[in-house]
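Residue numbers (the working numbering): 26 to 888.
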């Protein structure tokens, strides 16, 4: 069996960089709660009264990083600038508990915290990691991918956060906080140029309109040639072409009232993504026979496609936040409306043969309203209570188009002589068309294989809050809770055009075996058991029924639309989640905490052509037979269709629980944080690719134990060393029904045992005020199996190891001008991000290579 390991230079690079990482932890052995990067850590090490102390809102209150009893990582806006982190895809290089995966389109991304994450390729699945930008929930990852401009800080909260965030935060939260408008005029402009002809322009301006009204406007433009090449078309792939614009108003009529209004628009129009062939399976000769080609050297980043893919994302909306304080009470209201339009056209066979393409147009309209009240009493009790309302509508119009060579390709796979097929001689499919009365040349020649229309309406509301009790100075007990009510209504319809998929071959065998006397289920069921058994035995014997071998070509059988008489097309979930925590300030330098929390994510809907009724509603007979199917609600209602099978329409809720203990400590020149946790998600919503579609189902139980550790050392003025490590030990505690069989007791793939983020930043300032800041950071993920196996390829033989080195140096002149150089993935580390079965190409394995080395220079002016 072939074995592939990617990132072969990883061991050497890890050895070269181990010295720097080791130096960052030469202080006493300590461990991680992910409080961030060099800039955040350096500020956090300051005196508690210092204006540079990092203030975070992870607990929905303003607290210092050390006081916050949550495992949270903070990346400041300055670090984003210095490290040239332009979007959330790069954020994972400084946050070891976070991983971001991008798949076949620019909009198909998944955020993963502590090994948990989903929602990348199906808009019916809300992500387990909630993304909030300025307090507004972005319900789909495609709505959170615009470039990061004018960011004050990014907080990554690990573990369930349902008691403070009103919607689906069962695995964690990414909270992006941008800068408010200022009452002092200022701003910045920035231009960057790099390899692959990369051009980035950014700018912002802020200032007063009146004594109590301020404004800000910021925007970005980001374009880059593709780092991949579509060889046969002489076109580029994996380019960058996106821009964004945002305007803000800050109104402060009185010292107690603040109103912040934000409107933004962003656009992505890109060609994505580079896919190479890792294993050319037994179907590969068929691709070559029809004149197609593919590339087996994944890291050549050369692909063969029969057209240039398209992907556009329009993401826009607005929000109004009102903050009012009176005495010890503060009130906050955040009202937001957003729209997301996502469209793509992609070559789903990833070869230059014209086999099949997919189009998808998705629209998401979302309204959210959050309201909360927080107290700041001098006494021992304080509270925060809030409510959250969510109303969303999703419409998806999608289709699969048959390519001009799909029929020839499938006939060659069926064993036909390629010469006969390509010269138009009568073939197997011609015989099938004659036998079943189909028009000649109709199988796989309809313009569309399928056309779908999916709709989903989701209404959710929750009440959440926490109560803090401080019986003695420094000891705080916290109780929190969240009650959520989530309702989803969905309608799915699909037309399957290919005539071959309209016939069940077992039922056809029964008809043939009976001499044509059994033509319906009613007639079959009226026969005695012995006769039924004999007919089934003959119809399921491949020697007597050679049609059975053609079932593999029935990719898209007739689809049972819903709502229908049996399936209402709705879900209704309610859940109460809670938090219990004790935190104690041991001294001015040391805080400790212990907590138990539960989390919740409502049901997700399978908005795809792979949606199937549950086994309780329908069970097919042998080989998908309707004649021999047992009685079921769908069958009894007369709704059964040829080749209908059971599966899922939706996956039930995710329920999380986590035990966590942590310590946060800071002294002059040194600080560390540690969180040790045991986290379990019951009913984790698993979306697995099966080679021709996706299976959505609940894993019985998936758990992870581990720790998160970070340390910061300032050995001398100007030098800041950071080291962060996450260790994860995951397990499928119970997952008997996966597409790969029973995975219970198996280690989930794709979750590295160790992730490391370490950095060294040196700042030298001259008497004139000019400053030179140089930074190097290293991101490592230990070798890990990419997945637990593939449905058509079999056992897992593919691994990934990540070793990324990023560097930057910026000269900041005292007149506001800054000049810098940067490089990401300096050593050009190579690894595969994920692998998957070739579409309708059993035994073929495809994969996505990582982004190669990028570098460039930047000029910035701040005024």
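Glycine included, every Cβ here is placed at the ideal spot set by N, Cα and C.
- Of the candidates 877, 601 and 471, 877 places its Cα closest to the Cα of residue 253.
- In the DSSP assignment, residue 368 forms a beta bridge with 337 and 386.
- A buried status is given to residue 485, since no fewer than 16 other beta-carbon atoms sit within 10 Å of its beta-carbon.
- Close CB contacts of residue 595 within its chain, under the 6 Å cut and outside five residues either way in sequence, are with 514 (chain order).
- When the five nearest sequence neighbours on each side are left out, the beta carbons in the same chain lying within less than 7 Å of the beta carbon of residue 400 are those of 353, 354, 407 and 408, in order along the chain.
- For residue 162, the closest C-alpha among the options 184, 174, 703 and 194 is that of 194.
- In the structure shown, residue 326 adopts coil according to DSSP, grouped into three states.
- The beta carbon of residue 348 lies closer than 6 Å to those of 283 and 357 in the same chain, with the five residues before and after it left out.
- Proximity of the segment 109-124 to the segment 299-312 falls short of the contact definition, fewer than three beta-carbon pairs being nearer than 8 Å.
- Taking one beta carbon from each stretch, the segment 516-531 and the segment 634-652 have 3 or more pairs nearer than 8 Å; the two touch.
- Looking at the DSSP output, residue 837 shares a beta bridge with 796 and 843.
- Nearest neighbour of residue 784 by Cα position, chosen from 100, 88, 87 and 94, turns out to be 100.
- Taking C-beta separations shorter than 6 Å and ignoring five residues to either side along the sequence, the partners of residue 198 in its chain run 155, 182, 186 and 190, following chain order.
- The Cβ neighbour count for residue 460, taken over all protein chains shown within 10 Å, is under 16; the residue is labelled exposed.
- Leaving aside the five residues that flank residue 583 on each side, the residues in its chain whose CB is nearer than 8 Å to its CB run, in chain order, 521, 526, 527, 666, 667, 668 and 669.
- The three-state secondary structure of residue 883, taken from DSSP, is strand.
- Around the beta carbon of residue 551, fewer than 16 other beta carbons sit within 10 angstroms, so the residue counts as exposed.
- Across the structure, residue 434 and residue 315 are spaced so that their CA atoms are roughly 6 Å apart.
- Residue 367 sits buried, since 16 or more C-beta atoms from the chains shown fall within 10 Å of its C-beta.
- Here residue 601 carries a strand assignment [DSSP, helix/strand/coil].
- Burial state of residue 444 is exposed, judged by a 10 Å Cβ sphere holding fewer than 16 other Cβ atoms.
- Residue state for residue 95 is assigned as coil, using DSSP reduced to three classes.
- For residue 427, no alpha helix (DSSP H) encloses it; the enclosing beta strand (DSSP E) starts and ends at 406-427.
- In the three-state reduction of the DSSP assignment, residue 315 falls in the coil class.
- With fewer than 16 other CB atoms across the displayed protein chains lying within 10 angstroms of its CB, residue 351 is exposed.
- Residue 438 counts as buried, since at least 16 other C-beta atoms from the protein chains shown sit within 10 angstroms of its C-beta.
- Burial check for residue 789: the Cβ neighbour count within 10 Å stays below 16, so the residue is exposed.
- Cβ atoms of residue 147 and residue 721 come within 8 Å of each other, at about 7 Å.
- Contiguous beta strand (DSSP E) elements confined to the segment 118-145 occur at 123-127 and 134-138, taking only those with 3 or more residues.
- Assignment of alpha helix (DSSP H) within the segment 494-555, counting only whole runs of 4 or more residues, yields 530-538 and 546-550 in chain order.
- One thing to note: residue 327 has its Cβ no nearer than 8 Å to the Cβ of residue 370.
- Going by beta carbons, residue 507 and residue 487 fall inside the 8 Å limit.
- Beta-carbon to beta-carbon, residue 378 and residue 317 are separated by about 3 Å, close enough to satisfy the 8 Å threshold.
- CA-to-CA, the gap between residue 791 and residue 886 works out to about 19 Å.
- If you draw a straight line from the Cα of residue 763 to the Cα of residue 215, it is about 49 Å long.
- If you compare the alpha carbons of 754, 617, 573 and 102 with that of residue 700, the shortest gap goes to 617.
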